[in-house]
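Residue 39 is where the sequence shown starts when you use this note's numbering, and the numbers rise one by one after that.
Backbone N, C-alpha and C fix where the C-beta goes; we use that ideal spot for every residue, glycine too.
Here the structure is a predicted model, which means the values were calculated and not measured.
Since the structure comes first, as structure tokens, the remarks are kept for the end.
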Amino acid sequence: MPWIRTIPPEQASGPLRESYDRAVARAGRVFAIVRAMSLAPEVLDASIGLYRKIMFARDGISRRQREMIAVVVSVTNGCHY
Numbered sequence: 039m040p041w042i043r044t045i046p047p048e049q050a051s052g053p054l055r056e057s058y059d060r061a062v063a064r065a066g067r068v069f070a071i072v073r074a075m076s077l078a079p080e081v082l083d084a085s086i087g088l089y090r091k092i093m094f095a096r097d098g099i100s101r102r103q104r105e106m107i108a109v110v111v112s113v114t115n116g117c118h119y
């Protein structure tokens, strides 16, 4: 059970529904990290945009290295994704 109020996918409408649909297209489902921003769809979209800019950047370390860092941080934080 989340500690903050979220909008489940089946209740989403408007811009949030569109954001959730894009999440499903990307990942096959709407993960909790996406639902955590459901009360502010504009923040959700900005967050996903920032994530994509960082993870798909052509400069610096490789995408593989970025993903490996993300895995280590997630495991360290006890996060399942």
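Val68 in three-state terms, based on DSSP: coil
Quick one: what does DSSP say Thr44 is sitting in, helix, strand or coil? coil
Given that a residue counts as buried once 16 or more other Cβ atoms are within 10 Å of its Cβ, and exposed if not, what is Leu88? exposed
Taking Cβ positions, are Leu82 and Ser112 nearer each other than 8 Å? no
Thinking C-beta only, is Val72 closer than 8 Å to Ala4? Given that the chain is displayed from residue 39 to residue 119, the structure contains no residue 4 and the question cannot be resolved.
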